[in-house]
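Trainee:
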Amino acid sequence: MAVDTLDDVDPKYGKKLSYERNFKAPLWRKRSCTDVPCLLVFLVFLGAWAFVAQYAFRNGDLNKLVVPTDSFNKKCGIDSGVLDKKYLFFFNLDKCLDPLVPITGCPTPQICVNQCPQETFIWDVMKNQMSEAELKSRMICITEADKNALRTKDDMQKAINAERCARWYIKSAPFLNRCIWEFSQKTCEYIPKFLLQRSARDVSHVLANATTNFDVNNEDQLQALALTMFPEAQPLVAKMNVDPKLTAVNEESNSQCNRRETVIKEKMMQTDTRLAKFIGNIIIHFTNGTHEAQRVGENVVEDIFNSYLVILTAMLCTLIATFIFIALMRWLAAPFLWTSIFGVLVGLAVGIYYSIKKYTFYHREATVPQHSLNLNSAVKNILQDERLWLYLSIFLCVFLVILILLLIVLRSRISIAVALIKEGSKAVSSVKSTVFFPIFVWILFIAAIVYAVGVGLYLGSIGKNSFRMIRQLDANSLTGVSQENCICDGPAVNYTVGAACDPTTFEQNCYIGDTTLFGAFRQSQRTPCVKTMCSFVEVEHTTLVNWFIVFNVFGYLWLTFFIDGFSDMVLACTFATWYWTFKKKDVPFFTLTKSIFQTTFYHLGTLAFGSLILAICRLIRLILEYIDRKLKKYDNALTRAILCCMKCFFWLLESFLRFLSKNAYIMCAIHGKNFCSSAKDAFNLTMRNFLRVVTLDKVTDFLFFMSKLLITGAAGVATYFFLLNNPSIVQLHYNAVPTAIVAILAFLITTVFFSVYSMAVDTLFLCFLEDIERHDGSPEKPYYMSKQLMKILGKRNKTPKRTA
Numbered sequence: 130m131a132v133d134t135l136d137d138v139d140p141k142y143g144k145k146l147s148y149e150r151n152f153k154a155p156l157w158r159k160r161s162c163t164d165v166p167c168l169l170v171f172l173v174f175l176g177a178w179a180f181v182a183q184y185a186f187r188n189g190d191l192n193k194l195v196v197p198t199d200s201f202n203k204k205c206g207i208d209s210g211v212l213d214k215k216y217l218f219f220f221n222l223d224k225c226l227d228p229l230v231p232i233t234g235c236p237t238p239q240i241c242v243n244q245c246p247q248e249t250f251i252w253d254v255m256k257n258q259m260s261e262a263e264l265k266s267r268m269i270c271i272t273e274a275d276k277n278a279l280r281t282k283d284d285m286q287k288a289i290n291a292e293r294c295a296r297w298y299i300k301s302a303p304f305l306n307r308c309i310w311e312f313s314q315k316t317c318e319y320i321p322k323f324l325l326q327r328s329a330r331d332v333s334h335v336l337a338n339a340t341t342n343f344d345v346n347n348e349d350q351l352q353a354l355a356l357t358m359f360p361e362a363q364p365l366v367a368k369m370n371v372d373p374k375l376t377a378v379n380e381e382s383n384s385q386c387n388r389r390e391t392v393i394k395e396k397m398m399q400t401d402t403r404l405a406k407f408i409g410n411i412i413i414h415f416t417n418g419t420h421e422a423q424r425v426g427e428n429v430v431e432d433i434f435n436s437y438l439v440i441l442t443a444m445l446c447t448l449i450a451t452f453i454f455i456a457l458m459r460w461l462a463a464p465f466l467w468t469s470i471f472g473v474l475v476g477l478a479v480g481i482y483y484s485i486k487k488y489t490f491y492h493r494e495a496t497v498p499q500h501s502l503n504l505n506s507a508v509k510n511i512l513q514d515e516r517l518w519l520y521l522s523i524f525l526c527v528f529l530v531i532l533i534l535l536l537i538v539l540r541s542r543i544s545i546a547v548a549l550i551k552e553g554s555k556a557v558s559s560v561k562s563t564v565f566f567p568i569f570v571w572i573l574f575i576a577a578i579v580y581a582v583g584v585g586l587y588l589g590s591i592g593k594n595s596f597r598m599i600r601q602l603d604a605n606s607l608t609g610v611s612q613e614n615c616i617c618d619g620p621a622v623n624y625t626v627g628a629a630c631d632p633t634t635f636e637q638n639c640y641i642g643d644t645t646l647f648g649a650f651r652q653s654q655r656t657p658c659v660k661t662m663c664s665f666v667e668v669e670h671t672t673l674v675n676w677f678i679v680f681n682v683f684g685y686l687w688l689t690f691f692i693d694g695f696s697d698m699v700l701a702c703t704f705a706t707w708y709w710t711f712k713k714k715d716v717p718f719f720t721l722t723k724s725i726f727q728t729t730f731y732h733l734g735t736l737a738f739g740s741l742i743l744a745i746c747r748l749i750r751l752i753l754e755y756i757d758r759k760l761k762k763y764d765n766a767l768t769r770a771i772l773c774c775m776k777c778f779f780w781l782l783e784s785f786l787r788f789l790s791k792n793a794y795i796m797c798a799i800h801g802k803n804f805c806s807s808a809k810d811a812f813n814l815t816m817r818n819f820l821r822v823v824t825l826d827k828v829t830d831f832l833f834f835m836s837k838l839l840i841t842g843a844a845g846v847a848t849y850f851f852l853l854n855n856p857s858i859v860q861l862h863y864n865a866v867p868t869a870i871v872a873i874l875a876f877l878i879t880t881v882f883f884s885v886y887s888m889a890v891d892t893l894f895l896c897f898l899e900d901i902e903r904h905d906g907s908p909e910k911p912y913y914m915s916k917q918l919m920k921i922l923g924k925r926n927k928t929p930k931r932t933a
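Under my numbering, the sequence shown is numbered contiguously, ending at residue 933.
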């Protein structure tokens, strides 16, 4: 048996003592590769996934997925009627910046056009300076019928007021087949001074000046006027074409114009950006004033730009404070925990007192319920119900009694948990590089997500477009759909509503039938069907592509669980090394690096095995969700009950497997065994110490949550009072804006820090359980735990005999 020699110094005699122990720490045993077959399967799987990716990239076309759809649900360039119109034109592109657009859609008319506007059009300026023919040629309307019906300027004005035609538009360029505004780089030279002060003027006043100063044929002047008349368009101009550095270079040659251009761009970059418009639209949904909401949005964005140095400084201070807090937890863990528990007890007592007081009041005093049918009255009726306060006081009393009994029964185990938290603080402080290790893991996660999403998008675009003949909905019809008499002949003679069709064939052979007496004589003048069309339904995938999509989803699950397990095992190996080092000062400097190499060279197979089990369980849950969605239309109570039970079972199974696999990784990091052996040892070990496991889990979760709240609150309060007391350093409209950003970022930072801390505590806990079961404190089998833990457990290491 291997023998290790430990040297120590007798404090009484000052002599060097030597003694032998025939036990070697688990972590120092010779390791071998674990679960190699699983690793080979995982590598083969990754190779197959790479083959699927190259197949997807070679055969897929993302343009199929980004084809725009107009207001009539027609796919531009694909559906019948718009086969030659592949670009989407927005009547008012500014409205598409609303944050609810992904849910509600862009609330502006959208039509398919054969090309984006090549010139700027402003009706209110041009209507008095152009002929009717010129105006009609420039107008863009929802349908050709609307445009053909325009005869006079009054017709045009009515069509514009009814939003059948666009009031204005700017020269545009296609981006993903959407017409996006395009602006000249020399617009500044044509902007008169009065236009630079738009905020103090009314649109009508601008028009009165513009009609006498502007040439309607000058593109740059019209673009500048459009920006002035419609300030909501300015967010889309910001940072579009002109580089601020080029402006600075040319300032000497054209100082007057460039000074104006610089002022405009600086103002736009600070307040009139997409972010300002986005925030303004969010505020609109909570207020009644559009102008006021937009102003608030601009102020918020300006505050963010002006206070970014304060935010970055606060984040740096939070980072340092969090690390210092973790280091201080070895001394503050016990008082902080017991103070928090005492605060919860006091809060429950106050709640009981308040509930009993309310119950007594409403029981003694008669009240009349609110009869108004609104939410406020309903809430008041609930709060005035004496039974509510009675039940609440009973619940709080029971909860308080249970909590006190648990504290009495588990007080010793809570002390162990506090001691382990202190040990975790020492471990994290000793190996400081572990705090930044999650950054590397995040990079791996992001790479996996980008890869899987990219492959999925390309796979989703492989296949043949499927079309179906449909009728548009019509609110004026008795049946709710259009009653257009669309007749098909020739190759499309068998086309019926709801059946498959081809858009080119439909467009060439389907027309509106004439049921009048002379209809047969007008067959040569066929009118294309307008409200009946051959519409795109979906991309039909082959069986092979469907299996590839499932394969890609499973690959994403397996890879992400693998990366998560890799992170857990590396940290577990690092902290286990710290625990099983008899003299903590002898912990190697490159412990984290050594753990990474050890996990990579020996235990990737174990990670592949554990992540495979979790991936299979998650895939089953996704399949159950898919089946549930498909069966909802049948509304069968039995199937719903069965699916609900199955989803609940597999959720519990996945939660248990995640807990088991995490402990298995820790045991593998300690002993170097395969996944099954490590999972078995971890399960048996935790079951033999069930109360300790439950206590530690809840105590650490509670303590970490309170710690995150404390640091986040401190960062937010400190930032707010700094901004409040130093207005000369940073001038803001709302101090709450940078304060809220700091609080959110601080919570994210603390979450990252304490995730490492939590892994340290979990690892040290299993090491502690192994330590007390395998060792007895003798010179041959000394305890590796700290003196504080030995004191709590009433154990100690026996002093070896002195040798001459």
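For every residue, glycine included, the Cβ atom is placed at its ideal position computed from N, Cα and C. Quantities reported herein were computed from a predicted structural model and do not represent experimental measurements.
1. For a cutoff of 8 Å on Cβ pairs, would you count residue 621 as touching chain C?
2. Which residues in the same chain as residue 143 place their Cβ atom closer than 8 Å to its Cβ, once the five residues preceding and following it in sequence are excluded?
3. Consult DSSP for residue 925 and reduce its assignment to one of helix, strand or coil.
4. Considering just the uninterrupted stretch of the beta strand (DSSP E) at residue 661, what are its terminal residues?
5. Taking residue 696 as part of the alpha helix (DSSP H), name the residues at either end of that continuous run.
6. Contact check, residue 791 vs residue 697 under 8 Å by CB: the rounded distance?
7. Whole angstroms are fine: how far does the CA of residue 809 sit from the CA of residue 816?
8. Is residue 278 helix, strand or coil when you go by DSSP?
9. Could you tell me whether the Cβ atoms of residue 743 and residue 787 are closer together than 8 Å?
10. So, residue 730 versus residue 804, is the Cβ gap smaller than 8 Å?
11. Apart from the five residues on each side of it in sequence, which residues of its chain come closer than 7 Å, Cβ to Cβ, to residue 450?
12. Roughly how many angstroms lie between the CA atoms of residue 178 and residue 695, to the nearest whole one?
13. Under three-state DSSP, which class holds residue 303?
14. Below 8 Å, can you find three or more Cβ-Cβ pairs linking the segment 477-485 to the segment 520-527?
15. Going by C-alpha distance, which of 660, 602 and 535 is nearest residue 614?
16. Once you ignore the five residues that flank residue 279 on each side, which residues in its own chain have a CB closer than 6 Å to its CB?
17. Do the segment 237-249 and the segment 198-206 make contact, defined as three or more Cβ pairs closer than 8 Å?
18. Name the one or two DSSP bridge partners that residue 218 has.
19. Verify whether the separation of the beta carbon atoms of residue 657 and residue 634 is less than 8 Å.
20. Given a threshold of 16 other Cβ atoms within 10 Å of its Cβ, counted over all protein chains shown, does residue 789 qualify as buried or as exposed?
21. Are residue 632 and residue 209 touching if we call contact CB-CB under 8 Å?
22. Beta-carbon within less than 7 Å of residue 443's beta-carbon, same chain only, minus the 5 sequence neighbours each way: which residues are those?
23. By DSSP, does residue 245 sit in helix, in strand, or in coil?
24. Out of curiosity, what's the CA-to-CA distance linking residue 222 and residue 273?
25. Pull up the distance between the alpha-carbon of residue 837 and that of residue 879, whole angstroms please.
26. Based on Cα-Cα distance, which residue from 857, 852, 888 and 876 lies nearest to residue 865?
27. So which of 293, 169 and 913 has the shortest CA-CA distance to residue 709?
28. In this structure, how does DSSP classify residue 775 when only helix, strand and coil are distinguished?
29. Inspect the beta-carbon positions of residue 218 and residue 237 and report whether they are closer than 8 Å.
30. May I ask you to list the residues that DSSP assigns as paired with residue 250?
31. What's the gap between the Cα of residue 322 and the Cα of residue 855?
32. Spell out the partners DSSP gives residue 657 in its beta bridges.
33. Which same chain residues end up closer than 8 Å to residue 885 when comparing Cβ atoms and leaving out the 5 residues on each side of it in sequence?
34. Go through its chain and collect everything with a Cβ distance to residue 655's Cβ below 8 Å, but skip five positions before and after it.
35. From the DSSP output, in three-state form, read off residue 600 for me.
36. For residue 185, which beta-bridge partners are listed by DSSP?
Mentor: Taking the definition as stated:
1. Here there is only one protein chain, and chain C is not present.
2. With a pLDDT of 39 at residue 143, under the threshold of 50, the modelled position of that residue is not reliable, and no figure is offered here.
3. coil
4. 661-669
5. 672-708
6. 6 Å
7. 11 Å
8. coil
9. yes
10. no
11. 840
12. 20 Å
13. strand
14. yes
15. 660
16. 265 and 285
17. yes
18. 240
19. no
20. buried
21. yes
22. 844, 848 and 871
23. coil
24. 21 Å
25. 6 Å
26. 852
27. 913
28. helix
29. no
30. 298
31. Only weak support exists for where residue 322 lies, its pLDDT of 36 falling under 50; the coordinates are left without a value.
32. 640
33. 557, 563, 564, 566, 567 and 700
34. 640 and 641
35. strand
36. Residue 185 pairs with nothing; no bridge assigned.
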